[in-house]
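Participant: Once you've had a glance at the structure underneath, I'll fire off some questions.
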Amino acid sequence: IDVGTIDIAGVETYKLDYNGVSTATSGFNFNVATGGNANAKNLYAVSVLTNEQAEESMLIVKKALQRVDTIRAQIGAVMNNLQSIYDSQKVALDNTREAENVIRNTDYAEEMTNFTKLQIKMQSSMAMLAQANQLPQLVLQLLR
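Pasting the structure below:
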């Protein structure tokens, strides 16, 4: 967790001064000196024995919570984006499957019936044309 420019949760030791948190060599028990700084070992060892220690502990915790809130907001935004991508991909997959089903589930019997009907119409049209051509040919033969 960043507070200022340095992590405050970890195995290293840190020092809080009025400008932020920086690494130090002593523990997290706040030893406020006249220079206005406090040393810390980890976030769970916050000392509130004096008013100064309590105030600086609250500042550390406040900064840590702000950072946690920021990270949670970023994670939430990423999760929303991933959910949106997942939803759109699921819709695309469903649409593709539906289109494939429409193609695969064609009623073959109905299509064969339509084909046979059109073929019969074409053959009967050809027969009618052949009969219609016979009468003029008879007339031509008689005239010869």
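When we follow this note's numbering, the leftmost residue of the sequence shown carries the number 1, and every step to the right adds one.
Heads up, the beta-carbon is just placed ideally off N, CA and C, and yes, glycines get one too.
1) In angstroms, rounded to a whole number, what distance separates the CA positions of Arg72 and Leu65?
2) Quick test of your reading: Val46 and Ile60, contact by CB under 8 Å. State the CB separation rounded to the nearest angstrom.
3) Within the same chain, show all residues whose beta-carbon is closer than 8 Å to that of Ala57, passing over the 5 residues directly before and after it, in chain order.
4) Going by DSSP in three states, Arg144 sits in which element: helix, strand or coil?
5) Cα separation between Lys90 and Thr96?
6) Could you check what DSSP says for Val46 in three-state terms: helix, strand or coil?
Facilitator: In short, the structure shows the following:
1) Distance between the alpha carbons of Arg72 and Leu65: 10 Å.
2) 7 Å between Cβ atoms; contact.
3) According to the sequence as given, residue 57 is Ser; it is not Ala. Its chain contains Phe30, Val46, Ser47 and Val48 as the residues whose beta carbon lies nearer than 8 Å to that of Ser57, once the 5 sequence neighbours on both sides are disregarded; these appear in chain order.
4) coil
5) 10 Å
6) coil
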